[in-house]
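> Numbered according to the working numbering, the sequence shown spans residues 12 to 165. We treat Cβ as the ideally placed atom computed from N, Cα and C, and that holds for glycine. Let me give you the structure first, and then I'll get to my questions.
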Amino acid sequence: MTQDFEIDETLVVRYHKWLGISFTVLGGINTFLWIWLLLLTKNFSLNLITGIIILTVGILYLTKPYFSIEINKTYIYKESNKIYFYNLLGMKIKEYSFNSWQDLTVEQNKVYLQGNDREKKLPIVKWMTNKDDWKILESRINRQEELRWRKPVR
12 MTQDFEIDET
22 LVVRYHKWLG
32 ISFTVLGGIN
42 TFLWIWLLLL
52 TKNFSLNLIT
62 GIIILTVGIL
72 YLTKPYFSIE
82 INKTYIYKES
92 NKIYFYNLLG
102 MKIKEYSFNS
112 WQDLTVEQNK
122 VYLQGNDREK
132 KLPIVKWMTN
142 KDDWKILESR
152 INRQEELRWR
162 KPVR
């Protein structure tokens, strides 16, 4: 028995772990020091809130996705493939539609989306992405590049 559709595929790209670790450590140190100072002097400082915010941002960088690519989630529409960008709370904030992996290219560590006779640079920064996730993304896109330029067999 054959299937009439392609298998669903989702690639979730996370933030680079050192980004989250850096914010978490700096925020933790800041929070600890300002709590200690608060206990010693009995004077509250807004720097304590800053430390808590930095600590929270670090934890969110470690736990939330940067973006995801969903392939063939619906079979009704032509452009059923989507790239979703998330904020640090995990909510989708931006969405791009495309037809296939062949619409995506990587040039000089930047990801471009081909569509409607123009090329759009996506807001993806390599140094912010998890190293392993970037390699998977790049290899998946480059595999389609190879297929695009391969000569047909006769």
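(1) Helix or strand or just coil, what does DSSP make of Val136?
(2) Taking just the CA atoms, how far does Leu48 sit from Ser79?
(3) Using the C-alpha atoms, what's the distance from Ile82 back to Glu20?
(4) So what's Ser108 in DSSP terms, helix, strand or just coil?
(5) I need the boundaries of the beta strand (DSSP E) containing Phe78, first residue and last residue.
(6) Run the CB neighbour count on Asn98, radius 10 Å, all protein chains shown included, and call it buried at 16 or more, exposed below.
(7) Could you please give me the residues that DSSP links to Ile61 through a beta bridge?
(8) Can you look up Leu100 in the DSSP assignment and give me helix, strand or coil?
(9) Just to confirm my understanding: we take Val23, look at its own chain, exclude 5 residues before and 5 after, and list those with CB closer than 7 Å. What are they?
(10) Look at the alpha carbon of Ser150 and the alpha carbon of Trp45, and state the distance between them as a whole number of angstroms.
Quick answer:
(1) DSSP places Val136 in coil when its eight states are reduced to three.
(2) Cα-Cα distance, rounded: 42 Å.
(3) Answer to the nearest angstrom: the Cα atoms are 5 Å apart.
(4) Reduced to three states, the DSSP call for Ser108 is strand.
(5) Here the beta strand (DSSP E) through Phe78 covers 76-82.
(6) Under this definition Asn98 is an exposed residue.
(7) Note that residue 61 is Thr in the sequence shown, not Ile. Thr61 is not bridged by DSSP to any residue.
(8) Coil at Leu100, not helix or strand.
(9) When the five nearest sequence neighbours on each side are left out, the beta carbons in the same chain lying within less than 7 Å of the beta carbon of Val23 are those of Pro76, Ser79, in order along the chain.
(10) Pairing Ser150 with Trp45, the inter-Cα distance amounts to about 46 Å.
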